[in-house]
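Here the structure is laid out as structure tokens; the discussion comes afterwards.
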Amino acid sequence: MTINLEILDSAYVYAPKEIEELNTKELVPKMVVRRRLTRAAKIAIYLADKVSFTNGRIIYGSSFGELSATANILNSIYSKEPISPTHFQNSVYNTAVSYLSMLSGNTNEIMTISSGDYTSLNILKSGAIKSLDGDTILLIATETLNINKIEEVNKCIDFLECGVALKVRMTKEEATICFDAKNDEIKTPESLSHMLNIARNTHTNKPNIIKVTL
Amino acid sequence: MKIKNKVFITATSSISCAGNDDSTLFTNICNGNSGIQQDKNYFFESQPAIGKLCTNSKFYDVLISQCQNILEQSRLDNFKDTILIIGSSVGGMQSTEDIFFETQSYKNIDPDFHHINAIANILNEKFDFYDDISFSTACTSSANAIGYAYEVLSKGIYKKALVVGADSLSKITVGGFLSLGVLSSEPCKPFDISREGMNVAEAIACLLLENTPSNDAVEVCGVGYSSDAYHMTHPHQEGKGAIAAMSQALSSASIEARQIDYINAHGTGTIANDNSEANAIATLFQDKPYVSSSKSITGHTLGAAGALEAIISCMVIKEQKCPQNTFLDTPENVNLNLPLTSKEVGINYVLSNSFAFGGNNCSLVFGRCK
């Protein structure tokens, strides 16, 4: 079975270590909230703003989740230091998109997928299935791998912070762009490759439609 | 989307601190035999009451045997036309911890067996699935997995779905909840005025969903999702998000609130959750269906809770028996119908609630096959 999705808007960011211009001060004016945000949350908030999405269903995904918060807790336990409650509450995989929902007052269904290298492909598949209900859906994927000693496990990713967002809705029109995760030469995380490939191949001034095979 | 096929739960299998099979689990819930015990193995300085699996087998071996149980119960020879839908909040964290604390290094951690997808990777090595997807929304993970299974089967996208809710205990989860100050040192007392907190626990719960019923199938009638958009760890005091999820589940099932006979509450035993959930139920259900929480017996099995409590909901319908609220003495909210003893009653519809960090809410409606 296949479902075609129209990409209404898209945005992506990536950096070798830390993405610098996420516009967080402007997007999250309250410092008390801003200082609790994880890197993934800041990227998600930035991307949602870039594609002008404030309300509606969101499907978010990350293969490794909130790695920094998790590493902080592991190191606290190892060092027999108290675990930070903020690190713990920020360690769940749906942290980034939860902050996004709070800041935009979005009370809709918000899902988080984590399917390893196929995370963004599965976001596309579930987005396509849910889009059959007729609404516009935001698909977001992030990875934030810039933690101390990441080189001990990272052998193949050059860009440790990445994020991509696609605003989509179902269409019956023919596909206009193909996506292939293997086409990209830049070494971003595999988990984002399908959605990044789409975002990087969208055209301005003509419909961008993909075919999602289930 | 106009297609709305019926969806049935045709096989289930579970293991938790309250029993190594569904029947034992339900008997213990109805008889008030808790599997929660104090434990000092995680943190010597405190002894929270937690729920551990009663088995000498490794977690992943138990995981495989639970799925094997489903295959044996079902009419299937294999899972080749079945999508695997995982719900887990920690994935392979237990093995990551073991390696890190032994070596003080990330070097020997295999990323494929660290993240949430570790569960699917283990099962894909043993079984052949049509496809797989993993959800991780903290304590609603496997409830959302069931919701997704319901959606894809009712829309006719896939033929069968195996939902697996699985979470093992780790120092991060026990220590993390300790840091929030919400762990009880005794089996929890959901909805009691003197409740002192929750019990973290581990479990594996598997459900096979199909469009065709088996002899003792239970129907999945509807699902409702919502977000509180309020606070990372505290639900809205009036339960606005919970009301939205439950209302949508009823609407999805095309039934009225008065038709719900029993609610399996999220009921963690924390001050914040129980207060919010009780307010939400009292607001929405004027006809006062029976309400109970099974977490005083099973503990809060985190990402596995939605799937485990779906199995409990199936048992409620199959046995036509409403479980008691074990350890409940004085209800804080007098507007709820909280049975103190298990009752054999007529039950057509059950609603099961799951709520999570980030204000993620999922309610499921199950029904007796007609």
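Top line first, the protein sequences correspond to chains A and B. Residue numbering for the first sequence is 1051 to 1264, as defined by our numbering. Residue numbering for the second sequence is 3 to 372, as defined by our numbering. Glycine included, C-beta positions come from ideal geometry on N, C-alpha and C.
**Asked** With contact counted as at least three CB pairs below 8 Å, one residue from each stretch, are the region 354-370 of chain B and the region 206-213 of chain B in contact?
**Response** no
**Prompt:** Quick one: any contact between the region 278-291 of chain B and the region 109-119 of chain B, if contact means 3 or more CB pairs under 8 Å?
**Reply:** no
**Prompt:** If we ignore side chains and look at the alpha-carbon of each, how far apart do N71/B and L27/B end up?
**Reply:** Within the second sequence, residue 71/B is the residue found at index 69, counting from 1. Within the second sequence, residue 27/B is the residue found at index 25, counting from 1. Each residue's alpha carbon lies about 16 Å from the other.
**Asked** Name the chain B residues that come within less than 8 Å of T1074/A, Cβ to Cβ?
**Response** One-based indexing of the first sequence puts residue 1074/A at position 24. Going along chain B, no residue has its Cβ under 8 Å from T1074/A, so there is no contact; the nearest lies around 17 Å.
**Message:** I want to verify the contact list: residues of chain B whose CB lies under 9 Å from the CB of G1213/A, in sequence order.
**Reply:** Your numbering for residue 1213/A matches position 163 in the first sequence. Those within 9 Å of G1213/A in chain B number zero; the least Cβ separation is about 17 Å.
**Request:** For N1251/A, decide whether its Cβ has a neighbour in chain B, counting only Cβ atoms nearer than 8 Å.
**Result:** Translated into the one-based positions of the first sequence, residue 1251/A becomes position 201. Taking Cβ atoms only, chain B never reaches closer than 8 Å to N1251/A, which makes this a no.
**Prompt:** If you count every other CB in all the chains shown that lies within 10 Å of the CB of E127/B, and 16 or more means buried, which is it?
**Reply:** The sequence position of residue 127/B within the second sequence is 125, counting from 1. Exposed: under 16 other Cβ atoms inside 10 Å.
**Request:** Over the uninterrupted alpha helix (DSSP H) stretch that includes F179/B, give me the two end residues.
**Result:** By one-based count along the second sequence, residue 179/B stands at place 177. Segment K173 to L182, the alpha helix (DSSP H) holding F179/B.
**Message:** Below 8 Å on C-beta distance, what does L182/B contact in chain A?
**Reply:** One-based indexing of the second sequence puts residue 182/B at position 180. Those within 8 Å of L182/B in chain A are P1135, F1138 and Q1139.
**Request:** Answer with yes or no whether the minimum CB distance from P341/B to chain A is below 8 Å.
**Result:** Position 339 of the second sequence, counting from 1, holds the residue named residue 341/B. So, not an interface residue.
**Request:** Indicate whether G199/B and T272/B have their beta-carbon atoms separated by less than 8 Å.
**Result:** On the second sequence, residue 199/B is found 197 positions in, with the first residue counted as 1. On the second sequence, residue 272/B is found 270 positions in, with the first residue counted as 1. In this structure, T272/B lies closer than 8 Å to G199/B by Cβ.
**Item:** At least three beta-carbon pairs within less than 8 Å, the region 1233-1252 of chain A to the region 1165-1175 of chain A
**Value:** yes
**Message:** Using a Cβ-Cβ distance cut-off of 8 Å, determine whether Y227/B contacts chain A.
**Reply:** Stepping through the second sequence from its first residue, residue 227/B is reached at position 225. Yes, its Cβ sits closer than 8 Å to a Cβ of chain A.
**Request:** Below 6 Å CB to CB, which residues in the same chain sit around I31/B once its five sequence neighbours on both sides are set aside?
**Result:** Position 29 of the second sequence holds residue 31/B. Closer than 6 Å at Cβ, skipping near neighbours: S296, I299 and P325.
**Item:** Where the alpha helix (DSSP H) containing L353/B begins and where it ends
**Value:** Your numbering for residue 353/B matches position 351 in the second sequence. First-last for L353/B: Y351 to A358, but that is the beta strand (DSSP E), not the alpha helix (DSSP H).
**Request:** Over the uninterrupted alpha helix (DSSP H) stretch that includes L1117/A, give me the two end residues.
**Result:** Along the first sequence, one-based indexing puts residue 1117/A at 67. Looking at the DSSP string, the run of the alpha helix (DSSP H) that includes L1117/A is L1117 to Y1128.
**Message:** Between T139/B, A246/B and T29/B, which has its C-alpha nearest I313/B's C-alpha?
**Reply:** One-based indexing of the second sequence puts residue 313/B at position 311. Of the listed residues, the one whose Cα sits closest to I313/B is T29/B.
**Message:** So within the region 14-73 of chain B, which uninterrupted beta strand (DSSP E) runs reach at least 3 residues, ignoring any that extend past its ends?
**Reply:** none
**Item:** Closer than 7 Å at the beta carbon, the chain B residues around F1209/A
**Value:** Stepping through the first sequence from its first residue, residue 1209/A is reached at position 159. Here the premise fails: no neighbours, minimum Cβ distance about 16 Å.
**Message:** So M1081/A contacts chain B; which residues on that side make the cut at Cβ distance below 7 Å?
**Reply:** Taking the first sequence and counting its residues from 1, the one referred to as residue 1081/A is at position 31. Going along chain B, no residue has its Cβ under 7 Å from M1081/A, so there is no contact; the nearest lies around 17 Å.
**Request:** For K162/B, name the three-state secondary structure that DSSP assigns.
**Result:** As a position in the second sequence, residue 162/B is number 160, starting the count at 1. Reduced to three states, the DSSP call for K162/B is strand.
**Asked** Which class does S365/B belong to by DSSP, given the choice of helix, strand or coil?
**Response** Residue mapping note: residue 365/B aligns to position 363 of the second sequence, counting from 1. Three-state result, S365/B: strand.
**Prompt:** Which of the residues in the region 95-107 of chain B, read from start to end, lie with their CB under 9 Å from any CB of chain A?
**Reply:** M95, T98, E99, F102, F103, Q106 and S107
**Item:** Rounded straight-line distance, which links the Cα of V1214/A to that of E311/B
**Value:** Position 309 of the second sequence, counted from the first residue, corresponds to residue 311/B. Position 164 of the first sequence, counted from the first residue, corresponds to residue 1214/A. Rounded to the nearest angstrom, the two C-alpha atoms are 35 Å apart.
**Request:** Mind listing the chain A neighbours of N146/B? Cutoff is C-beta to C-beta under 8 Å, in chain order.
**Result:** Position 144 of the second sequence holds residue 146/B. Result: M1161.
**Prompt:** V1203/A versus chain B: which residues are under 8 Å apart at the beta carbon?
**Reply:** Working through the first sequence from its first residue, we reach residue 1203/A at position 153. Ordered by position in chain B, the residues that pass the 8 Å Cβ test against V1203/A are Y108, K109, I111 and P113.
**Message:** Taking contact to mean 3 or more Cβ pairs, one atom from each stretch, closer than 8 Å, check whether the region 133-142 of chain B and the region 1245-1257 of chain A are in contact.
**Reply:** no
**Prompt:** Which partner residues does I11/B have in the DSSP bridge list?
**Reply:** Here residue 11/B refers to the residue found at position 9 when the second sequence is read from its first residue. According to DSSP, I11/B bridges with L211/B and V220/B.
**Prompt:** Counting only runs that start and end within the region 1064-1112 of chain A, where is the beta strand (DSSP E) found for 3 or more residues in a row?
**Reply:** 1108-1111
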